[in-house]
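Visitor: I have a structure I would like to understand better, so I am pasting it below and will then ask my questions one at a time.
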Amino acid sequence: MKNLLPALLLSLLAAPLCAKEELVTLPKRDGVQLTIYNSEDLTLVRETRTLSFKAGENRLQFSWANTLIDPTSVEFQALADKEGNLEVSDTSYPAESHEMLIWTITAKKAASHQVQITYFTSGISWSAEYTGLVAADESAMDLTAYVTVHNRSGEDYEDAEVRLVVGVIHLVEKVINLAQPATSRAMDRKEMEDWARDAPNKSPSGPGRGGGGGMSKPKQIDKAGLSEYYIYSVEGTETILTNWSKRLRSFSVAGVPLKTVYHLNPAKFGPEFTKVLEFKNNEECKLGKEPLPDGLIRLFRQSASGTGYMGALASKYIAKNDEVKISVGSDPEVTLKEKRKSFAKQDLVFQQRGNNRVVSGWTTLEEFEIEVKNFRGREIAVEIHRSAAGDHDFDSEDKPEVENFNTRKFRFALAANSSRKLVFRITTRFGENVRAK
Amino acid sequence: MKLRLFAAALPTALACAIIGLSSPTPAEARIKLATLPDREAVAVRFDHPNQVLVEEERTIALQAGVNNIDFSWAGTNIDKGSIVFRPAAADSKVEILSTSYPPGENALTWAVSSPDARSEKFRISYLMGNIQRETSYQAMVSKDETTCSFKHYFKIRNWSGESFAEADFITRDGKKFEKALSQGEAKRVLVNKWDNVKIKKEYVYDLTRQYEGKVLTDYVLVNSKDIGLGQIPLEFGKVRIYQDDGKGTAAFTGEDWGRFTPIGDEMRLNIGTAQDIKVEFKKMVNDVTNRRGNVYDTDELDQYEIKNFKDSEVILTLVLRVDGEWEMMKDASGFESFERMDNETVKFRVKCPPKGAPVLLKFHYQRKDVW
């Protein structure tokens, strides 16, 4: 596979721009670190090299043809230069190339320095995925989290330190737009996500392609908070070739306690009576060491006959101590039916319009019944949200909680193989009957 | 004609000054080419926010009497009306008598009177187009997010058609750097660097900035000497923010446009979203009151449930809007401070305990005379 890494050249002459230069290719990089963001198509590449500088002006050329590097982001920094021997006099972007720059670096004395070059590149992304193996009685699950790095940058990154950033970063310009001339077009974020989803099918990683660096155990991923972000640092180094994806295990926890709650909540889970598995990202649930980045959660159920697929949820970012609710769809063993048991009008108000008397105000009285039946052999929790519109009164002996000004919430536990009926009345005033309190 | 051919033959389209020794008519003078004095100094000034002024000095040998000096250019975008020509010395005995503009040419001729034969230094200045400038900043924020080093870069892209072998480039705040800059080339220079600049981090839920219910993370720095700045107004430009990760490297934590910030004013930079602070809105009361025909008041209670999942307490600023005529009720609760920023906009500061303990901001208000 062709390696298109940026090239670094140092001029031997302390020469002005127009003078003829003698350029030499510099030694290989000492190291490279990729900091990959998941909220934007952005990767911060940090490479270190050891260079020799003459006293006076040194001209350092950095070029990156056929890559997706943002030219405005390329920075030079001397490491461990406490005496301030090196100073960047200027950065020149020659007219003839969009993919090259030249640093003029003044050295007070001849010396060898380790230098760091950083830049943004587009085309590398990462995503999180989770697999939950739910116990047959749904009381707990074994949760495994993965991170997958996708490389479509056009570059091979060999033996790179990999850091993954969890968080939503603010960018005012897309790196891809800065990296590419207007004529060529790269994948947008959505296309990249689509590609990343399919990537494991297109390019299965095989042995010998950096598939673990000869380690017999999965690599550790260290997690640390920084400002509003979490940085996942993958142990050791990784080789990530262009057009390849690589999946690593982030963590694995057995026996995460689960709560099964059946919800009727159209605003959150749609119009169906939905089975939702709930847990918290906290210590009680054997989690809570770090937030869970947004990603797909796939649930499987263990049973005597094998493993069955329960469903999947595109989860949003889950903060430490926050709760997680995974909808697994409707359950034929737990049913809900709503009936309108009665309907009546009262308090009709009339208005004279010419020769006609017309209704200008009225009030409706409706009685509803919701019956929930649990055919399962275990107790379940139920939460029902019921909304009403307009100027209304909501009345029920089942003591619902006020969710908001037009929604009531019923919560109860339902024993195995039992049912419960909720009854409520809604009185709604229309026209002139609408109250002013 | 000779002159124009000569100018066009230059590798880059330099503006050139040519002196005619003495002549009764400008046309004749332009034929009597004597010298092409070199530029001794060139300054490219960016004082104006939109225009670039080039100022050059040339020493011209004059004869006693009237001298005609030709100035022509090709391939550059010089504003002809902006050209100013004067002796460099304030007490010069030389006088500029007139300026003539030949038809259809990028050229002009000055008639200059000199009391004797002498070498005189002249200053020529003009506005030149197609020189772009760009200001950018880089903030390296400390691990504890209380200070940063703030670097100020100035970048020039030269599309003017002229190459500057050596010129002084002078920024709006008077910073001068001497560089060569070819046609088409861009150059970026670090012009200022301030260390230990104090910054303030703020969490903001602002419905005037975004409608998705996200909490934004801002850094606020005041352009004042108190915090380590305050020396120059800060030009509009992109600010890229990095943070020391405590492991010897830095992570990029976001970027924003920094608006033009005069001395004493504040620059607010959004770095991203604070995902560990969640705000859930519920309208708990929405009643009609005091109905009078088709006119009524409303009684509204907007509840914001805030959960801060961080390990430490934070202060969240909520900027909310209510349209029309309204007043806040006395039983509004859950906030440390309240400010009515304008008729429609209110700002609450809410103390949020750590580890997800919910806090309720109850914004109770009454709208008046709605129809």
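Taken in order, these protein sequences are the chains called A and B. Per the working numbering, the very first residue in the first sequence carries number 921; after that it's consecutive. Per the working numbering, the very first residue in the second sequence carries number 1395; after that it's consecutive. Glycine included, every Cβ here is placed at the ideal spot set by N, Cα and C. Model, not experiment: these values are computed from the prediction.
What whole-angstrom Cβ distance do residue 1545 of chain B and residue 1584 of chain B have, given they're in contact under 8 angstroms?
Guide: The Cβ separation is near 6 angstroms, so the contact holds.
Visitor: Give a yes or no on whether the minimum CB-CB distance between residue 1340 of chain B and chain A is below 9 angstroms.
Guide: Outside the shown range of chain B (1395 to 1765) lies residue 1340 of chain B, about which nothing can therefore be said.
Visitor: Check this for me: beta carbons of residue 1621 of chain B and residue 1648 of chain B, under 9 angstroms apart or not?
Guide: No, these two residues do not count as a Cβ contact at 9 angstroms.
Visitor: Which class does residue 1095 of chain A belong to by DSSP, given the choice of helix, strand or coil?
Guide: Of the three classes helix, strand and coil, the one that applies to residue 1095 of chain A here is helix, per DSSP.
Visitor: Would DSSP call residue 1204 of chain A helix, strand or coil?
Guide: Residue state, collapsed to three classes: helix.
Visitor: Quick check on DSSP: helix, strand or coil for residue 1423 of chain B?
Guide: With a pLDDT of only 31 at residue 1423 of chain B, under the threshold of 50, the placement of this residue in the model should not be trusted, and no figure is reported.
Visitor: Please report the distance separating the alpha-carbon of residue 1581 of chain B from that of residue 1491 of chain B.
Guide: Between residue 1581 of chain B and residue 1491 of chain B, the C-alpha separation is close to 40 angstroms.
Visitor: Starting from residue 1561 of chain B, follow its DSSP beta bridges and name the residues at the other end.
Guide: DSSP output for residue 1561 of chain B lists B/1573 as bridge partner(s).
Visitor: Let me make sure I understand the geometry here. Which of B/1604, B/1597, B/1524, B/1452 has the alpha-carbon closest to that of residue 1434 of chain B?
Guide: When only C-alpha atoms are compared, the closest one is B/1452.
Visitor: Quick one: what does DSSP say residue 1476 of chain B is sitting in, helix, strand or coil?
Guide: In the structure shown, residue 1476 of chain B sits in a helix (DSSP, three-state: H, G or I).
Visitor: Closer than 7 angstroms, Cβ to any Cβ of chain A: which residues of the region 1646-1658 of chain B, in chain order?
Guide: Hits within the stretch, in order: 1646, 1647, 1648, 1649, 1650, 1651.
Visitor: For residue 1748 of chain B, which option in B/1474, B/1697, B/1671 has the closest C-alpha, if you only look at C-alpha atoms?
Guide: For the residues B/1474, B/1697, B/1671, the minimum Cα distance to residue 1748 of chain B belongs to B/1671.
Visitor: Quick one: which residues of the region 1740-1759 of chain B get their C-beta closer than 7 angstroms to a C-beta of chain A? List them in chain order.
Guide: Cβ contacts with chain A come from 1749, 1750.
Visitor: Output the distance between the C-alpha atoms of residue 1021 of chain A and residue 1074 of chain A, rounded to the nearest integer angstrom.
Guide: Near 20 angstroms, if we compare the C-alpha coordinates of residue 1074 of chain A and residue 1021 of chain A.
Visitor: My parser needs the alpha helix (DSSP H) runs of 4 or more residues fully inside the region 1151-1190 of chain A; what are they?
Guide: Listed in chain order, the complete alpha helix (DSSP H) runs (minimum 4 residues) inside the region 1151-1190 of chain A are 1186-1189.
Visitor: Is residue 978 of chain A close to chain B, meaning its C-beta is less than 9 angstroms from at least one C-beta of that chain?
Guide: No, residue 978 of chain A does not count as interfacial toward chain B.
Visitor: Residues of chain B with CB under 8 angstroms from residue 1357 of chain A, in chain order?
Guide: Those within 8 angstroms of residue 1357 of chain A in chain B are 1681, 1682, 1683, 1693.
Visitor: List, in order along the chain, the chain A residues whose C-beta lies closer than 7 angstroms to that of residue 1582 of chain B?
Guide: Ordered by position in chain A, the residues that pass the 7 angstroms Cβ test against residue 1582 of chain B are 1010, 1011.
Visitor: For residue 1554 of chain B, which residues of its own chain have a beta-carbon under 6 angstroms away from its beta-carbon, when the five flanking residues on both sides are left out?
Guide: Result list for residue 1554 of chain B: 1470, 1522, 1524, 1525, in chain order.
Visitor: Please list, in chain order, all residues of the same chain as residue 1265 of chain A whose beta carbon is under 6 angstroms from its beta carbon, the five residues on each side excluded.
Guide: Excluding residues within five positions, the ones whose Cβ falls inside 6 angstroms are 1282, 1284.
Visitor: With 9 angstroms set as the bound, which would you pick, yes or no: does the beta-carbon of residue 1089 of chain A sit closer than that to a beta-carbon of chain B?
Guide: So yes, residue 1089 of chain A belongs to the interface.
Visitor: To the nearest angstrom, how far is it from the Cα of residue 1741 of chain B to the Cα of residue 1619 of chain B?
Guide: Near 28 angstroms, if we compare the C-alpha coordinates of residue 1619 of chain B and residue 1741 of chain B.
Visitor: Output the residue ranges of the beta strand (DSSP E) runs that lie fully inside the region 1506-1569 of chain B and measure 3 residues or longer, sorted by chain position.
Guide: Correct list: 1512-1521, 1525-1535, 1541-1552, 1558-1564.
Visitor: Determine whether the Cβ of residue 1256 of chain A lies closer than 9 angstroms to any Cβ atom of chain B.
Guide: Residue 1256 of chain A does not count as touching chain B.
Visitor: Below 7 angstroms on C-beta distance, what does residue 1666 of chain B contact in chain A?
Guide: Residues of chain A passing the Cβ test: 1087, 1088, 1089, 1090, 1148.
Visitor: Are there 16 or more other CB atoms within 10 angstroms of the CB of residue 1442 of chain B, so buried, or fewer, so exposed?
Guide: Residue 1442 of chain B comes out exposed.
Visitor: Let me know the secondary structure DSSP gives residue 1621 of chain B once reduced to three states.
Guide: The answer is helix: DSSP assigns residue 1621 of chain B an H, G or I state.
Visitor: Return the bridge partner residues of residue 1324 of chain A from the DSSP annotation.
Guide: Beta-bridge pairing links residue 1324 of chain A to A/1327.
Visitor: Starting from the beta carbon of residue 1242 of chain A, find every residue of chain B whose beta carbon is closer than 8 angstroms, and list them in chain order.
Guide: Here the neighbours are 1672, 1701, 1703, 1750.
Visitor: Compute the distance between the beta-carbons of residue 989 of chain A and residue 1083 of chain A, then report whether it is under 9 angstroms.
Guide: No, these two residues do not count as a Cβ contact at 9 angstroms.
Visitor: Just to confirm my understanding: we take residue 992 of chain A, look at its own chain, exclude 5 residues before and 5 after, and list those with CB closer than 8 angstroms. What are they?
Guide: If we look at residue 992 of chain A and ignore the five residues flanking it on each side, its Cβ neighbours are 1098.
Visitor: With a CB to CB cut of under 6 angstroms and the five nearest residues on each side skipped, what residues in its chain are close to residue 1439 of chain B?
Guide: Cβ within range, chain order: 1447, 1564.
Visitor: Identify the contact partners of residue 964 of chain A in chain B, using a Cβ-Cβ distance below 8 angstroms as the criterion.
Guide: Those within 8 angstroms of residue 964 of chain A in chain B are 1645, 1646.
Visitor: Can the beta-carbon of residue 1023 of chain A be found closer than 9 angstroms to that of residue 973 of chain A?
Guide: It is not a contact, given that the beta carbons lie outside the stated cut-off.
Visitor: Could you list which residues in chain A have their beta carbon closer than 7 angstroms to that of residue 1690 of chain B, in chain order?
Guide: Those within 7 angstroms of residue 1690 of chain B in chain A are 1356.
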